[in-house]
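There are 2 protein chains.
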Amino acid sequence: MGQQESCIAQHFSHYGRLSENERRQLDALEAPATVVTKGQVLWHEGDAARNFCTLGLGWAYSFRYLADGTRHILETFLPGDVIGLREFPFQERLSSVAMLEDAEIRLVEHRRLVDIFRDSPRLTSLCFAVSSYQQALLSERLVHLSRRSARQRVAYLLFEFYSRLKRNDGALGDCFRVPLSQQQLADALGLSPVHVSRTLTAFRREGLVKRSRGWVHILDPQALADEGCVTGYLHESVLLVD
Amino acid sequence: MGQQESCIAQHFSHYGRLSENERRQLDALEAPATVVTKGQVLWHEGDAARNFCTLGLGWAYSFRYLADGTRHILETFLPGDVIGLREFPFQERLSSVAMLEDAEIRLVEHRRLVDIFRDSPRLTSLCFAVSSYQQALLSERLVHLSRRSARQRVAYLLFEFYSRLKRNDGALGDCFRVPLSQQQLADALGLSPVHVSRTLTAFRREGLVKRSRGWVHILDPQALADEGCVTGYLHESVLLVD
DNA sequence: CGGAGAATTGATAAATATCAAGGTAGGTGG
DNA sequence: CCACCTACCTTGATATTTATCAATTCTCCG
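Residue numbers (the numbering used here), protein chains in the order written: chain A, 8 to 249; chain B, 8 to 249.
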């Protein structure tokens, strides 16, 4: 992801092959990188929404506060992901976004997206694909949160991280960094931190997964996928026919 | 929604004013109406995805089967809604869709969407808006399902129906049709049908909501919104600046 | 009037939350 | 280099919510 291979081009290329020209168009979108620090809030729910951004390095998450002061984590963003695209048609941010680590982001004005729509039907299709993929992740999570046990939820989330990281880096091993605390995992899973801890302890005892401060080691990928009832289309290539 | 005011134009006009020309373009998308019957499955998860459709009359829902044979309802579709747009970049259906009532649908080939992308940046933006709004409904539901009590979930879902119906029909009163059985409400809420029944009984006793086979009567809209922790942006106009 | 799906109700069981008390590891300043 | 500090994690005991099972009633439709 150097200067000539922009983050956004990298991300879009998951959904279809890019021509040199298309790549240049995407590269031209991005402003210079901005450095942000762990814990920093990129924007709050309700803020005016005029841009989205790409995440060069580091993890982030979007969240909403509930009436009782608790917090729910809606999405996680991994290096290379696009953040805030879905808010394009809204005047206001629908959720807050905060950084899990020090990171580098690049802003893109929403109106630049309209330029894309005007200039390139193909890139437009790819934008749609990016957005639809995120929506697919969301609905998958919806299914997995609403009616599944704590074990299944935890297994699913860990496996989701695994498979999304693997999509960006085919050489990823079974041991990788996941910079969420148990409190944050709990906020993403709709569980109490205590119960997340118990579940992870059980998984460790059973030889499924080991987790310690920021790292996850998947001991038995197949068993984890089974436990999480992972169906698989998140892996499938989502290439557009054209 | 007669012959000249197509379902899809009607739907899109929620997101921005349509010119006569744009309206014609949208109208031209739709094939003649197809009649479908209650319980009919439009498509199954995993089927090839080559088109989407608009729902002229009647309700529908999308769902996934879980490993244990239970079912989760992901989305509900009301008259005027667009079904299956989010699957545009996927080769396969991500979820099944079934009818809650006898209804009328109109199919649109996915490749016609590419025509729109090529011919009209503005309609493209509106497509994006439609898709993003559905995504917003999904993420709102995600928040409301993962960490809220049964009372809050039920209240939220009923209020969501109320506000979505009201968006299509400003004159809607407090009493309207909701053709989901308690079993189906349970499948959408991630609760057992028994508990849905208890919760609805409690609401009736408290003078919040009355429900009987296919009808909902909201007795105290404000109290229901409070109980469901409805925040409000689903009502907001989502107009594009342009 | 009879039948079938749908809804209600009660009793009990299971899953998860909450509360509270330690324990551990990594970072920091002396 | 050590000691402490702090955030994070673990564990146990108890409380709450919701599921499950089973029996009954309701309501619509033929």
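Idealized CB from N, CA, C, for every residue including glycine.
Original post:
The alpha helix (DSSP H) with Lys173/A in it runs from where to where?
Top reply: Ala157 to Asn175
**OP:** Quick one: measure Cβ to Cβ for His117/B and Phe59/B, integer angstroms, because I've assumed they're closer than 8 Å.
**Re:** 7 Å
Original post:
Do we get a CB-CB distance below 8 Å when we pair Phe168/A with the residues of chain B?
Top reply: no
Original post:
What residues from chain B crowd round Thr6/A, counting only those whose CB sits closer than 9 Å?
Top reply: Residue coverage of chain A in this structure runs from 8 to 249, which leaves residue 6/A outside it and unanswerable.
**OP:** Starting from the beta carbon of Cys236/A, find every residue of chain B whose beta carbon is closer than 8 Å, and list them in chain order.
**Re:** Leu73 and Ala74
Original post:
In chain A, what lies closer than 7 Å to Thr131/B by C-beta?
Top reply: Phe124 and Thr131
**OP:** Confirm, please, whether the CB-CB distance from Ser132/B to Phe124/A is below 8 Å.
**Re:** yes
Subject >> CA-to-CA distance, Ala143/B to Ser103/B, given in whole angstroms >> reply: 20 Å
Original post:
Would you report the Cα separation of Asp194/B and Leu62/B, rounded to the nearest angstrom?
Top reply: 22 Å
**OP:** Output the distance between the C-alpha atoms of Leu33/A and Thr238/A, rounded to the nearest integer angstrom.
**Re:** 32 Å
Original post:
If the cut is a Cβ gap below 8 Å, which residues of chain A does Val150/B touch?
Top reply: Arg71, Leu73, His79 and Leu81
**OP:** Give a yes or no on whether the minimum CB-CB distance between Gln142/B and chain A is below 8 Å.
**Re:** yes
Original post:
Does any CB atom of chain A fall closer than 8 Å to the CB of Ala136/B?
Top reply: yes
**OP:** Along the alpha helix (DSSP H) that carries Cys60/A, what are the first and last residues, could you check?
**Re:** Run containing Cys60/A: none in the alpha helix (DSSP H); it sits in the beta strand (DSSP E), Asn58 to Leu64.
**OP:** Return the residue from the list Phe70/A, Ser199/A, Thr83/A and Glu234/A that minimises the CA-CA distance to Gly214/A.
**Re:** Glu234/A
Original post:
Should Gln10/B go down as buried or exposed, given a rule of 16 or more other Cβ atoms within 10 Å for buried?
Top reply: Any reading at Gln10/B must be qualified, since the residue scores a pLDDT of 45, below 50, and its modelled position is unreliable; the value itself is stated next. Label assigned to Gln10/B: exposed.
Original post:
CA-CA distance, Phe97/B and Leu226/B?
Top reply: 43 Å
Original post:
So, is Gln190/A buried or exposed, given that buried needs 16 or more other C-beta atoms within 10 angstroms?
Top reply: exposed
**OP:** Using DSSP bridges, identify the partner residues of His79/B.
**Re:** Arg71/B
Subject >> Ser219/A: first and last residue of the uninterrupted alpha helix (DSSP H) it sits in >> reply: Not the alpha helix (DSSP H): Ser219/A falls in the beta strand (DSSP E), residues Val216 to Ser219.
Subject >> Interfacial residues, the segment 172–197 of chain B to chain A, with Cβ spacing under 7 Å >> reply: Gly197
Original post:
Below 8 Å between beta carbons: does that hold for Arg171/A and Leu73/A?
Top reply: no
**OP:** With a floor of 4 residues, list each alpha helix (DSSP H) that falls wholly inside the segment 90–147 of chain B, ordered by position along the chain.
**Re:** 117–126
**OP:** Answer yes or no: does any C-beta atom of chain B fall closer than 8 Å to that of Tyr163/A?
**Re:** no
Subject >> Same chain, Cβ closer than 8 Å to Cys14/B, neighbours up to 5 away in sequence not counted >> reply: Met8, Glu37, Thr61, Leu62, Gly63, Gly87 and Arg113
Original post:
At a CB-CB cut-off below 9 Å, which residues of chain A make contact with Leu145/B?
Top reply: Gln142, Leu145, Ser146 and Leu149
Original post:
Interface residues of chain B around Phe95/A at Cβ under 7 Å?
Top reply: Phe135 and Ser139
Original post:
Phe84/B: beta carbon under 7 Å from a heavy atom of the ligand MG?
Top reply: What this structure holds is no ligand at all, so the ligand MG is not there to describe.
**OP:** Compile a chain-ordered list of the residues in the segment 210–236 of chain A whose CB is closer than 8 Å to at least one CB of chain B.
**Re:** Cys236
Subject >> Cα-Cα separation between Ser26/B and Ala110/B, rounded to whole angstroms >> reply: 29 Å
**OP:** Use the C-beta contact count for Cys134/B: other C-beta atoms within 10 angstroms, 16 or more gives buried, fewer gives exposed.
**Re:** buried
Subject >> Val48/A versus Ala105/A: straight-line alpha-carbon distance, rounded >> reply: 4 Å
Original post:
Counting only beta-carbon atoms, is Tyr68/A nearer than 8 Å to chain B?
Top reply: no
Subject >> Local conformation of Ala16/A per DSSP, three classes >> reply: helix
Original post:
Using 8 Å as the limit for Cβ to Cβ distance, is Met8/A near chain B?
Top reply: With a pLDDT of 42 at Met8/A, under the threshold of 50, the modelled position of this residue cannot be trusted, and the question is left open.
Original post:
Between Glu29/A and the rest of its own chain, which residues show a CB-CB distance below 7 Å, the 5 nearest in sequence each way excluded?
Top reply: Ser127, Arg129 and Leu130
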